[in-house]
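First the structure, in the form of structure tokens, and then the observations on it.
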Amino acid sequence: MNEVKGNVVEPESERELILTRVFDVPARILFLACSRPEHMRQWFGPKEYPLTLCEMDFRVGGKYRFAMTGPNGVQNTPFGGEYLAIEEDRKITFTNAFEEPGSETMVMTYTFEEAGGKTTLHMRTVFASIAMKKLYLSMGFEAGTNSALDQLVALVERLVSA
Amino acid sequence: MLWPPAGYDDRTSGLTAASYIATNAYMQLAMQASGDAEALNRTFFALADPTRRAILARLTLGEASVTELVAPFGLSQPTISRHLKVLAEAGLVERRREAQFRHCRLNAARLAEAWGWLGNYREFWERSFDRLDAYAKQLLEAEKAEKKEKTRERGQRKRG
């Protein structure tokens with residue numbers, strides 16, 4: 001599925017991000033944790049930003065709607081989408097976008113691979129565009145051949161890691 | 001000093017539109033955590049312009065006078081001054097006057113702070129997975145405890 005932006009098709013491989021983590025539990029436990037709101041509330045997002053809105057109609061074609069509330073007590077812009085594919089204990093695919101005009105939609109897939117009681121979770125995000133991916137992954141300053149701009153990037157990275 | 005280099009153009013390098021950043025709810029989330037959303041908003045606005053980013057990049061090489069900053073850009077002094085004002089209001093640049101010259105210096109700490117909030121999508125998920133790791137273990141324990149309880153109940157029914 002390639003997004004058409006103007007006349008240019010940006011290949012999915014350049015818009016995707018895959019995060020991987022191995023968990024010391026069977027796949028059915030992770031699937032359970034991702035498929036019910038009472039469990040989702042327990043782990044989704046940073047601890048200081050609990051899900052204060054968490055509605056899930058967990059079936060293919062069903063919708064979900066989440067919102068987080070930070071330390072200042074104000075609920076953030078809700079976000080949500082639709083479940084596109086569900087394979088029990090194996091895979092969940094859904095769309096995700098902020099409820100805001102012009103907000104771009106990403107397609108996310110959790111894949112659970114169990115082996116020897118451990119489960120590898122791959123979380124694949126396909127962003128709507130390369131620009132969106134760059135923005136979300138702080139690649140916005142990428143300049144390649146521009147040495148002075150590279151220097152700015154290097155400086156900031158030193159500062160951030162210090 | 002050769003700045004910006006020939007063919008300089010980072011308009012295509014992402015962070016393209018201030019409006020995009022300003023309306024990006026993911027950024028809002030990040031800004032909220034800073035405790036000073038207004039200030040960080042100004043910082044992102046300042047960073048969204050390629051000329052201002054070029055000025056910042058120049059300032060990583062060291063302090064510069066306004067005149068030195070104007071020379072390479074092919075823009076008028078008032079235009080550069082306007083950009084500098086935005087950068088100063090965002091806390092990214094510090095200005096000081098020495099004799100009749102105005103000098104500008106990068107506030108690296110502020111830039112680092114803003115940078116830290118950009119691209120925290122990965123961080124967001126890593127932190128979620130940390131929590132999922134702990135919670136999944138709890139779920140597994142609860143499942144085991146439930147099985148044990150059922151076995152015990154069955155045993156009691158058989159005996160009774």
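Here the protein sequences line up with chains A and B, keeping their order. Using our numbering, read the first sequence as starting at 1 and increasing by one per residue. Using our numbering, read the second sequence as starting at 1 and increasing by one per residue. Beta carbons are placed, not taken as given, at the ideal position from N, Cα and C, and that holds for glycine. Values in this document were obtained by computation on a predicted structure and should not be read as measured data.
Ends of the alpha helix (DSSP H) at residue i?
i                : result
ARG36 (chain A)  : Neither: ARG36 (chain A) is in no alpha helix (DSSP H) and is coded neither H nor E.
THR51 (chain B)  : 50–59
GLU153 (chain B) : 121–159
LEU69 (chain B)  : 66–70
Under a CB-based cut-off of 8 Å, is residue i close to chain A?
i                : result
ASP49 (chain B)  : no
LYS137 (chain B) : yes
LEU69 (chain B)  : no
LEU132 (chain B) : yes
PHE45 (chain B)  : no
LEU92 (chain B)  : no
SER34 (chain B)  : Low confidence applies to SER34 (chain B): its pLDDT is 49, below 50, so where it sits in the model is not reliable, and the reading given next is rough at best. Answer no: the Cβ-Cβ gap between SER34 (chain B) and chain A never drops below 8 Å.
SER128 (chain B) : yes
ARG52 (chain B)  : no
PHE73 (chain B)  : no
LEU140 (chain B) : yes
ARG122 (chain B) : yes
GLU146 (chain B) : no
ARG11 (chain B)  : Because the pLDDT of ARG11 (chain B) is 38, which lies under 50, any placement of that residue in the model is unreliable, and the question is left without a value.
Should residue i go down as buried or exposed, given a rule of 16 or more other Cβ atoms within 10 Å for buried?
i                : result
ILE18 (chain A)  : exposed
LYS133 (chain A) : buried
ASN76 (chain A)  : buried
ALA27 (chain A)  : buried
PHE44 (chain A)  : buried
ALA22 (chain B)  : In this prediction, ALA22 (chain B) scores a pLDDT of 33, lower than 50, which makes its location untrustworthy; no coordinate-derived value is stated.
ARG157 (chain B) : exposed
PHE101 (chain B) : exposed
THR151 (chain B) : exposed
ARG110 (chain B) : buried
ARG159 (chain B) : exposed
ALA115 (chain A) : exposed
ALA134 (chain B) : exposed
THR119 (chain A) : buried
THR125 (chain A) : buried
ARG154 (chain B) : exposed
VAL107 (chain A) : buried
ARG105 (chain B) : exposed
GLY74 (chain B)  : exposed
GLY70 (chain A)  : buried
ALA57 (chain B)  : buried
ALA142 (chain B) : exposed
Check the Cβ-Cβ distances between residue i and every residue of chain B, and say whether any is below 8 Å.
i                : result
PRO46 (chain A)  : yes
TYR163 (chain A) : No statement about residue 163 (chain A) is possible, as the shown extent of chain A runs from 1 to 162 and does not include it.
GLU12 (chain A)  : no
LEU19 (chain A)  : yes
ASP24 (chain A)  : yes
GLN42 (chain A)  : yes
LEU30 (chain A)  : yes
ALA33 (chain A)  : yes
MET123 (chain A) : yes
What residues are listed by DSSP as bridge partners for residue i?
i                : result
ALA115 (chain A) : A:LYS118
VAL126 (chain A) : A:GLU16 and A:VAL107
TYR82 (chain A)  : Sequence inspection shows Glu at residue 82 (chain A); the Tyr mentioned does not correspond to that position. According to DSSP, which records beta bridges pairwise, GLU82 (chain A) is partnered with A:LYS63.
LEU106 (chain B) : B:VAL93
VAL25 (chain A)  : Per DSSP, none; premise fails for VAL25 (chain A).
ALA46 (chain B)  : Looking at the DSSP assignment, ALA46 (chain B) forms no beta bridge with any residue, so it has no partner.
GLN77 (chain B)  : For GLN77 (chain B), which the question treats as bridged, DSSP gives no partner whatsoever.
GLN42 (chain A)  : In the DSSP output, where bridge partners are listed per residue, GLN42 (chain A) has none listed.
PHE101 (chain B) : B:GLU98
GLU87 (chain A)  : A:LYS91
MET68 (chain A)  : A:LEU51
Just curious, the beta strand (DSSP E) that residue i is in, first and last residue?
i                : result
ALA97 (chain A)  : 91–98
THR52 (chain A)  : 51–56
VAL93 (chain B)  : 93–98
LEU137 (chain A) : Per DSSP, LEU137 (chain A) belongs to no beta strand (DSSP E) and is neither H nor E.
Determine contact between the region 91–104 of chain B and the region 12–27 of chain A, defined as no fewer than three beta-carbon pairs at a distance below 8 Å. No, because fewer than three Cβ pairs between the region 91–104 of chain B and the region 12–27 of chain A fall closer than 8 Å, the two stretches do not touch.
Is the region 22–39 of chain A close to the region 125–136 of chain B, with three or more CB pairs under 8 Å? Enough Cβ pairs lie closer than 8 Å, so yes.
Given 8 Å, three or more beta-carbon pairs between the region 83–96 of chain A and the region 56–65 of chain A: Output reads yes: the region 56–65 of chain A touches the region 83–96 of chain A.
Hey, is the region 80–94 of chain B in contact with the region 50–61 of chain B, meaning 3+ C-beta pairs nearer than 8 Å? Yes, since at least three Cβ pairs between the region 80–94 of chain B and the region 50–61 of chain B fall closer than 8 Å, the two stretches touch.
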